[in-house]
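Below is one structure, written out as C-alpha cells, with a few remarks after it.
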Amino acid sequence: MRAWVLLSAVLWYFAGVGWQRSSIITKEGFVYGKVGRPVKLYVELHHNSPVLLCTDFKRAQKETVDPTYLWIGPNEKPLTGTSRINITKTGKLLVKDFLEPLSGLYTCTLSYKIVKAETQEEKTVKQRYDFMLFAYREPDYAYQIAVRFTTKSCVGKYNDLLFKVLKKILNNLISDLSCHIIEPSYKCHFVKIPKHGLTHELFIAFQVNPFAPRWKGTCNESVDCEDTTNHNILQARNRIEEFFRRQAYIFKHDFKKTLPAMHFVDHSFHIMRMDSCRPGFGKNEVVCSPGTFSPDVDVTCQTCVSTRIYGAKTCP
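Residues -3 to 312 in my numbering are what the sequence shown lists, from first letter to last.
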C-alpha cells in the first residue's frame, strides 16, 4: 500500500569538441599542402573551409613557370567551379557551406615547367598534394542524471513498477521539448546510514537526450538549430530538477513523520552535462566515415559495410 502512496505523490506534479584548427592554417586562412603526406582538416558544418593551396610552402616561395592545377574531389572526379566550389586560376580551393557528403579526400596535382636558360630546354614536373577534409559540428548537450529512492526490499514487483512509472512521468514532462529519457537503469543496494539502521535504496540513472523522434520539427527554418536543441535540453533539465525538488518538498512537508516505504532520497539528485552527438556523427562530433553509421541515440559510429557515404544515419 505504501508504494501506491509514492505513485500518487509523483502524479501531483504530472502536469567540441572544439577541434583545434592548428597552426597549419595561416593568418590569411590559407592551408599549404605537404609533400608525401595528406593534410587533415576539420571543417565546421555549414561553414566555409579554409583556402587550400595547391602547393607547399617551400614551392610557394619560388618562381613557378606555366603552372596548371587539377583538383579531384571525394567522388574521384575533377572539381569544377560551382556555387559551392570555388577554384581560382592560381589553384586555390574554397568549399562553401560545408556539408557531411563533402567530407573526404581532395587531391590537387600541380604541373609546372623547369626551363634551362641557356638551351631553353623544358622539363615538366608534377607534384601531388592531398587534403583530408572532415565535417564536424559543435556538440549538442545531454544530461546524465542519478537519483535514489528508498524501498522496502530489493525483491518484489514494486521496484519495477516505480521505475516504469518514473520513466513515463519524466518522458511526459519533457515531450513537448522534443527531448526524451534514454538508457534508464536501476540497481538496488543495501545502505548503512550513520546513526541509523540498514536501508534498501534504488540507485536510478538515466540520460536526458535532445533527439526524441521528430525532433527536427522544433527547428523551424534553422539549418542547424543547435541553439534550439540546446535551449530545449536546458529547459528539460530544469523541469526534471524541479520535479525532484518537489518530491523532496512533498515528503518533507506533506508526509512529515509518516514517510512511505518508497520515497525520493533528499539531496540524492546528481547531474552532469555531456556532449551529445547528432545522427551521422560520432565521438568528438566528427562525421561518420564510409563503412560506418550512427543512428539517433548513439554516440559512436558503428560498422556498416554497405555504407559508402559520409554521415550515414542508417545501415541499408
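Just so it is clear, CB atoms sit at the ideal spot from N, CA and C, and this is done for glycine as well.
Close Cβ partners of Val31 (< 6 Å) along its chain, the five nearest in sequence each way excluded: Asp52
DSSP three-state assignment for Lys73, whether helix, strand or coil: coil
Classification of Thr310 by the beta-carbon crowding that lies within 10 angstroms, buried from 16 upward: exposed
Proximity of Glu117 and Gly307 at Cβ, strictly below 8 Å: no
The stretch 194 to 211 / the stretch 103 to 121 touching (three or more Cβ pairs under 8 Å): no
Host beta strand (DSSP E) of Glu322 (start-end): Residue 322 is absent from the model: the chain starts at -3 and stops at 312.
Three-state class that DSSP yields for His266 in the structure shown: strand
Min CB distance Lys92 to chain D below 8 Å: The structure shown has no chain D; it contains just one protein chain.
Residues near Gln298 by beta carbon distance below 7 Å, same chain, minus five either side: Thr288, Phe289 and Ser290
Contact under 8 Å by Cβ, Arg144 with Val295: no
Close-in-space but distant-in-sequence residues of the same chain around Asp292 (CB under 6 Å, 5 per side omitted): Phe207 and Pro275
Beta-bridge partners of Tyr137, as assigned by DSSP: Asp271
Backbone secondary structure at Arg304 - three-state DSSP: coil
Spatial distance of Leu90 from Ile81 (CA atoms): 6 Å
Cβ shell of Lys163 (< 7 Å), same chain only, five flanking positions each side left out: Ile177 and Pro180
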